[in-house]
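Here the sequence shown stands for residues 3 to 529, numbered as in the working numbering.
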Amino acid sequence: MAAVRISSRSGLPSLLLYLGIGIALGQDGIFDVKFDNAELTQVIGYAALVVILAEGGLGAKWKEVRPVLPAAAVVSTVGVGISVGITASAAHYLVGLDWRQALIIGAVVSSTDAAAVFSVLRRVPLPSRITGVLEAESGFNDAPVVILVVAFSAVGPVEHWYLLIGEIALELAIGAAIGIAVGWLGSLGLRHVALPASGLYPIAVMAIAVMAYAAGAMAHGSGFLAVYLAAMILGNSKLPHWPATRGFADGLGWLAQIGMFVLLGLLVTPHDLVDDFWPAIVVGLVLTMVARPLSVFLSLAPFRLPAREKVLMSWAGLRGAVPIILATIPMVSGVEGSTRIFNIVFVLVIVYTLIQGPTLPWVAAKLKIADDDAEADDLGVESAPLERLRGHLLSVDIPEKSKMHGVEVGELRLPAGAAVTLVVRQNESFVPSPTTVLRRGDELLVVATDPVRDQAEARLRAVGEGGKLAGWLGTGSAGGSSGTPGNPGPSKAPGAGRSAVRQAVKPVRPVKKLGPADDAPSTNARR
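Encoded structure:
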């Protein structure tokens, strides 16, 4: 806990502090603990990586990832191939490693670290397009890199490179299919089955994510891609008790990082790093200044991204514990010179994480990419299913920058079957009237029947983004074109030729009482 506090206050990557703790406990440290079990480190590292990828997927916002998904997929596959080739050539010709060792190092360090990227980027206000590409890339590129490292570390020569590419493509396809299927089925089950205690939902979500990894690995696919995609689907499915689930996953992610980094610090022998310090600096310099920029610029050439954004993405290719874990694969496989590979990767990660992580905000500011509105607060909506009543209780927090501030309850225009039942303001609660004005910091309790639950949340988020005219101005996912009950679209309103804004600001007329034959109010009656 002290290391977390120090890293958050000093701006230093927490990776260095946890590695330092492990080194202090291990050989050449003050406690001189003898630990050299690379196989156990690899197993625990894989388990920690599953948890970290699951936590990252749960926090990925689909609306940010979806527009940049093709770019992220290309840079995490084609870009990885370019980076491996350039870095391996530098390790062979400049450092003197044989081609197998050079290819292993090139593959190991070409993977950006999910934990490092997630922790740094969420503190740097960047446009969603950039953060979406970088976070998705860090979640995707572990899968092809693991396949490459295992292939290069296998006994015997690596033959038929085109077969290796086909194997990578097949494993990625299997992992993606399983991850999507497990995530979709899991979210469907959790949304329609009320568990007896809210504390079971976080456990169920993480269990489903781990199940995706297991299923992908057993099917000879990419388990890492499966767990990330399954977690992403779960994280964007409006699951019950979501804030509690998110906090639980975040805590597990921290625990996995701490345990993994300390264990890696225990495994290394500091006095053995001296001879490999300068080779690591040379390989890291080529990786950071040549391989990473070329991989980003070449793989993203088909996408119309500004050059300065590509420069920032090149600098934001953060490495962390994942390359060090992958460096244990050749040690377990008995590759000649595997200890030197581990030492070079270890030094490279420490030095360049120390350089890149703290300087990323400065680079973003110099490139004039920092976006002060990138972290604009969204509505916090928590859902608790009411199984016996076939309904949902939505808890809605109105953040500081929300445009719901100043909107009257009646102007929310929730669909029939949903209503604001309680407002909590400054630790006091009251039942609102249609003319009650909502304020920033309020917490609303909204009861919605099962059929309109999604419509109600979509409308609340739309008002939070666009204010009372959100539906008419096309803001938010519950835009006026939907024509849902309580939110008629401009094209379906009488007099559609008039200005949508003029129609929206007209006074609300009293709604006449409908007879039994009126199954659904007409648009005129609603207006």
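Each residue gets a CB set at the ideal place from its N, CA and C atoms; glycine is no exception.
Note that the structure is predicted; figures quoted are calculated from it, not measured.
What are the start and end residues of the beta strand (DSSP E) that includes residue i?
| i | result |
| --- | --- |
| Ser431 | 430-432 |
| Arg427 | 420-427 |
| Val449 | 445-451 |
| Gly393 | 393-399 |
Please name the residue, chosen from the options, that lies closest to residue i on a Cα-to-Cα basis.
| i | options | result |
| --- | --- | --- |
| Val6 | Ala138, Leu257, Thr438, Glu430 | Leu257 |
| Arg455 | Gly81, Glu173, Phe432, Val383 | Val383 |
| Ala104 | Ile23, Ala228, Tyr20, Ala282 | Ala282 |
| His407 | Trp244, Thr355, Arg463, Asp452 | Arg463 |
| Met333 | Phe154, Leu128, Val122 | Phe154 |
| Arg342 | Pro272, Ile23, Glu467 | Pro272 |
| Ile205 | Met220, Ala232, Phe250, Leu166 | Phe250 |
| Gly466 | Asp452, Val449, Thr451, Leu440 | Leu440 |
| Trp64 | Val135, Gly468, Ser335, Gly393 | Val135 |
| Thr438 | Val264, Leu268, Val409, Val449 | Val409 |
| Asn429 | Asp452, Pro69, Asp444 | Asp444 |
| Ala49 | Leu269, Asp399, Met262, Lys36 | Met262 |
| Arg415 | Arg427, Arg442, Pro387, Glu459 | Glu459 |
| Leu266 | Ala4, Gly24, Ala386 | Gly24 |
| Ser404 | Ala386, Gly468, Ile357, Leu356 | Gly468 |
| Ser200 | Leu165, Val433, Val426, Ser385 | Ser385 |
| Arg442 | Gly28, Val337, Asp399 | Asp399 |
Using C-beta distances below 8 Å, list every residue in its chain close to residue i, excluding the 5 sequence neighbours before and after it, in chain order.
| i | result |
| --- | --- |
| Val353 | Ala282, Ile283, Gly286 |
| Leu300 | Val80, Gly81, Ile84 |
| Trp186 | Ile235 |
| Asp452 | Arg392, Gly393, His394 |
By the DSSP assignment, the alpha helix (DSSP H) with residue i in it spans what residues?
| i | result |
| --- | --- |
| Gly47 | 40-61 |
| Gly141 | 130-142 |
| Thr89 | 80-95 |
| Val67 | 64-67 |
| Pro459 | Rather than Pro, the amino acid found at residue 459 in this sequence is Glu. 455-468 is the span of the alpha helix (DSSP H), which, as asked, contains Glu459. |
| Val76 | 71-77 |
| Phe299 | 294-301 |
| Gly255 | 244-269 |
| Leu197 | It is not in any alpha helix (DSSP H) - Leu197 carries neither H nor E in the DSSP assignment. |
| Ala228 | 225-237 |
| Val110 | 101-110 |
| Pro204 | 202-220 |
| Ile357 | 340-368 |
| Thr330 | 330-335 |
| Glu311 | 309-317 |
| Pro417 | Premise fails: Pro417 is in no alpha helix (DSSP H) and is neither H nor E. |
| Val276 | Val276 -> no alpha helix (DSSP H), and no H or E assigned at all. |
| Gly24 | 16-27 |
On the premise that residue j lies in contact with residue i, defined as a C-beta separation below 8 Å, what is that separation, rounded to the nearest angstrom?
| i | j | result |
| --- | --- | --- |
| Val184 | Ala118 | Incorrect: roughly 26 Å between the Cβ atoms, too far for contact. |
| Ala138 | Ala74 | 4 Å |
| Leu369 | Arg310 | 5 Å |
| Ile54 | Ala93 | Rounded, the Cβ-Cβ distance is 27 Å, inconsistent with contact. |
| Val449 | Ala420 | 7 Å |
| Asp30 | Leu269 | Contact doesn't hold; Cβ gap of about 12 Å is too wide. |
| Val207 | Thr247 | 5 Å |
Leaving out the 5 sequence neighbours to the left and right, which residues in its chain are closer than 6 Å to residue i when beta-carbon positions are compared?
| i | result |
| --- | --- |
| Ser130 | Glu66 |
| Glu413 | Lys470 |
| Leu289 | Thr89, Val111 |
| Gly319 | Thr114, Arg294 |
| Pro436 | Val411, Gly412 |
| Ala26 | Ile32 |
| Val210 | Val is not the amino acid found at residue 210; the sequence shown has Ile there. Gly188. |
For residue i, which residues from the same chain have a beta carbon less than 7 Å from its beta carbon, with the 5 sequence-adjacent residues on both sides left out?
| i | result |
| --- | --- |
| Gly223 | Glu173, Ile176, Gly177, Ile180 |
| Val298 | Val77, Gly81, Lys312, Met315, Ser316 |
| Leu447 | Leu395, Ser397, Thr423, Leu424 |
| Thr486 | Summary for Thr486: the model assigns pLDDT 38, below 50, so the residue's position carries little reliability, and this model does not support an answer. |
| Val582 | One cannot answer for residue 582 here, as it falls past the ends of the chain, which runs 3 to 529. |
| Val52 | Val212, Tyr215, Val229 |
| Val122 | Leu320, Gly359, Leu362 |
| Val126 | Leu362, Pro363, Ala366 |
| Val217 | Per the sequence presented here, residue 217 reads as Ala, with Val not at that position. Ile180, Val184, Ala228. |
Taking 8 Å as the cut-off, is the C-beta of residue i nearer than that to any heavy atom in the ligand PLP?
| i | result |
| --- | --- |
| Val425 | As for the ligand PLP, it is missing from this structure, which has no ligand bound. |
Please decide whether residue i counts as near chain D, where near means a Cβ-Cβ distance under 9 Å.
| i | result |
| --- | --- |
| Arg310 | Although the question refers to chain D, the structure presented lacks it and comprises just one protein chain. |
Taking contact to mean 3 or more Cβ pairs, one atom from each stretch, closer than 8 Å, check whether the region 138-153 and the region 165-180 are in contact. yes
So, does the region 241-260 touch the region 34-43, judging by three or more C-beta pairs under 8 Å? no
Whether or not the region 54-67 and the region 231-239 are in contact is what I'm after, with contact meaning three or more pairs of Cβ atoms, one per stretch, closer than 8 Å; do they touch? yes
Is the region 86-99 in contact with the region 315-328, if contact means three or more CB pairs nearer than 8 Å? no
So, does the region 18-32 touch the region 238-250, judging by three or more C-beta pairs under 8 Å? no
Answer yes if the region 187-196 comes into contact with the region 135-147, meaning at least three C-beta pairs across the two stretches below 8 Å, and no otherwise. no
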